[in-house]
Amino acid sequence: MGEQRYHHLVRLAWALNRRGLRAVVELPLKSEPVLVVPREGGALRVMAFSHKGAWLYTWGRGQGQRVQVSADDAADRIWEVAQ
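Numbering (numbering that gives the first Met the number 0), first residue to last: 0 to 82.
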């Protein structure tokens with residue numbers, strides 16, 4: 000499952016990079032991969048996870064802080080948060 004998370008995060012990193020954002024996929028030794036977007040006020044950290052058969056990106060704990068990986072506007076929503 001970790002490899003799938005990595006794959007989703009790399010796709011998102013490329014999509015954000017095309018929109019002019021720097022994005023780095025971090026591969027910690029003892030936890031899951033995370034996408035880091037440097038910004039003023041602290042980095043935005045995005046994770047990918049599977050829930051009930053659907054993959055989601057999340058950047059917090061609230062319902063408004065997640066989007067399905069397959070959503071057409073996933074990168075746009077995360078780009079907006081990163082501003």
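For glycine and all other residues, C-beta sits at the position ideal for the given N, C-alpha and C. In this text, all values refer to a predicted model and were calculated from it rather than measured experimentally.
task = May I ask you to list the residues that DSSP assigns as paired with TRP54?
result = In the DSSP output, where bridge partners are listed per residue, TRP54 has SER49.
Closest residue to VAL35 among ASP71, ALA53, TYR5 (Cα-Cα distance) = Sorting ASP71, ALA53, TYR5 by C-alpha distance to the C-alpha of VAL35 places TYR5 at the top.
LEU20 - partner residues in DSSP beta bridges = LEU20 pairs with nothing; no bridge assigned.
task = Using three-state DSSP, classify LEU26 as helix, strand or coil.
result = coil
query = Sorted by chain position, which residues of the same chain lie with C-beta nearer than 6 angstroms to ARG18's C-beta, five sequence neighbours on each side aside?
reply = TRP78
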